[in-house]
Amino acid sequence: MPSIWRAASEPLTALGIPVSAYLPLFGCLYFPSRTTFYVAVGVIIMFGIFAKLGWTLSVCWNKFLGFLRGGVIYARPWWFRKRFRD
Numbered sequence: 001m002p003s004i005w006r007a008a009s010e011p012l013t014a015l016g017i018p019v020s021a022y023l024p025l026f027g028c029l030y031f032p033s034r035t036t037f038y039v040a041v042g043v044i045i046m047f048g049i050f051a052k053l054g055w056t057l058s059v060c061w062n063k064f065l066g067f068l069r070g071g072v073i074y075a076r077p078w079w080f081r082k083r084f085r086d
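First residue of the sequence shown? That's 1 in the UniProt record's numbering, and the numbers climb one at a time after it.
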């Protein structure tokens, strides 16, 4: 019998889109204009398409952070770094 806590950490979704993707709609409360509304709806549609492709909001964020970090840095022991200069 599976545990009742098995799906406790699943991300919340509304209509198959992560709930955090709906946050730009709060921008319409502070800056009520059609442009803000269209941008917010566009962001929600974009994340909806990403969610259907399997790229959730957390996956996109981690990909972005990986892009900022750069390529793979291979670890070298301290004695190798002191003895040989790259």
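Glycine residues also receive a C-beta, built at the ideal position from the N, C-alpha and C atoms.
In this text, all values refer to a predicted model and were calculated from it rather than measured experimentally.
Tell me which residues share the same chain as I44 and place their Cβ nearer than 8 angstroms to its Cβ, disregarding the 5 neighbours each side in the sequence. As a working mapping, residue 44 is identified with position 44 in the sequence shown. The answer, listed in chain order, is I17, A21, Y22, P24, L25.
Continuous alpha helix (DSSP H) assignments of at least 4 residues falling wholly in the segment 3-39: 27-30
Rounding to the nearest angstrom, what Cα-Cα distance links M46 and W78 in this structure? Working through the sequence shown from its first residue, we reach residue 46 at position 46. Working through the sequence shown from its first residue, we reach residue 78 at position 78. Rounded to whole angstroms, M46 to W78 spans 46 angstroms at the Cα level.
Since W61 is in the alpha helix (DSSP H), which residue starts that stretch and which ends it? In the sequence shown, counting from the first residue as 1, residue 61 sits at position 61. Start and end: 57-69.
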